[in-house]
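Engineer: Before anything else, here's the structure in question.
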Amino acid sequence: RAGSAALDLCYVAAGRLDGFWERGLSPWDTAAASLLIEEAGGRITDFQGGPFRIRQEEILASNGHIHDEMIRILAEEEHP
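In structure tokens:
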């Protein structure tokens, strides 16, 4: 982790990271970066794969290729 969720999300948009997830974020952590990810062709959702909403406290972002696998892994962690 780079120390900033916004920076980590920008790394996903730029292709430096394949994916990122986090809980407890605020809108200022995700607003700009979520747009960058979408414009770069990535995918951004909640942990269950639903649409990302700016006031949500959880975010799952990826290059799109590994997104479904990340959702599956997070679901296993929440319900082992």
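Counting with the numbering used here, you get residues 1 to 80 for the letters of the sequence shown. Glycine included, each C-beta is placed from N, C-alpha and C at the ideal position.
Measure the C-alpha to C-alpha separation of Leu9 and His79 and round it to an integer number of angstroms.
Structural biologist: 26 Å
Engineer: Please name the residue in Pro27, Ile37, Trp28 whose C-alpha comes closest to that of Gly19.
Structural biologist: Ile37
Engineer: Can you list, in chain order, the residues of its chain whose CB lies under 6 Å from that of Ala33, leaving out five sequence neighbours each side?
Structural biologist: Ala6, Leu9, Cys10
Engineer: Answer yes or no: the CB of Arg55 versus the heavy atoms of the ligand ZN, is any distance below 8 Å?
Structural biologist: The ligand ZN is absent from the structure shown, which contains no ligand whatsoever.
Engineer: Who pairs with Arg43 in a beta bridge, going by DSSP?
Structural biologist: Ser62
Engineer: Can you pull the DSSP bridge partners for Gly19?
Structural biologist: Ser62
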